[in-house]
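Enquirer: Numbering (our numbering), first residue to last: 327 to 421.
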Amino acid sequence: AFGRQVDSFETDLDITGVRGGPVRAVFIRAPWVEKAGVDVEVLATVPGDGPAAGRIVAARQGSVLATAFHPELTGDLRVHGLFCEMVREAVGGRR
Numbered sequence: 327a328f329g330r331q332v333d334s335f336e337t338d339l340d341i342t343g344v345r346g347g348p349v350r351a352v353f354i355r356a357p358w359v360e361k362a363g364v365d366v367e368v369l370a371t372v373p374g375d376g377p378a379a380g381r382i383v384a385a386r387q388g389s390v391l392a393t394a395f396h397p398e399l400t401g402d403l404r405v406h407g408l409f410c411e412m413v414r415e416a417v418g419g420r421r
């Protein structure tokens, strides 16, 4: 994990499947994905060259989406939109 509450941070992420440029990501005592299996699509890693650089912070496996950040803490709904699209795919486009 990224550590204690005082280690919380924000950064911009390029997330596969999310259009429109980087997404502001808020990390609060967040875990990261240590290793991704062959069926897991890594969607985002922490950019830069700091101690968290390269850590997997968004991933998808089939209809499961995992993020280490809190997309609900910003006004940007694009990660939520990605999730909604995944749900539509999982139910075959039904509404």
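No residue lacks a Cβ here, since even glycine has one placed at the ideal position from N, Cα and C.
(1) From the DSSP output, which residues share a beta bridge with Glu-398?
(2) By DSSP, does Glu-336 sit in helix, in strand, or in coil?
(3) Check whether the Cβ atoms of Trp-358 and Arg-381 lie closer than 8 Å to each other.
(4) What is the DSSP secondary structure of Val-405, reduced to helix, strand or coil?
(5) Relative to the C-alpha of Val-352, which residue among Cys-410, Val-413, Val-383 is closest?
(6) How long is the line joining the alpha carbons of Ser-334 and Pro-377, rounded to whole angstroms?
Expert: Looking at the coordinates:
(1) Partner(s): none; Glu-398 has no beta bridge.
(2) strand
(3) yes
(4) In the structure shown, Val-405 sits in a helix (DSSP, three-state: H, G or I).
(5) Val-383
(6) 13 Å
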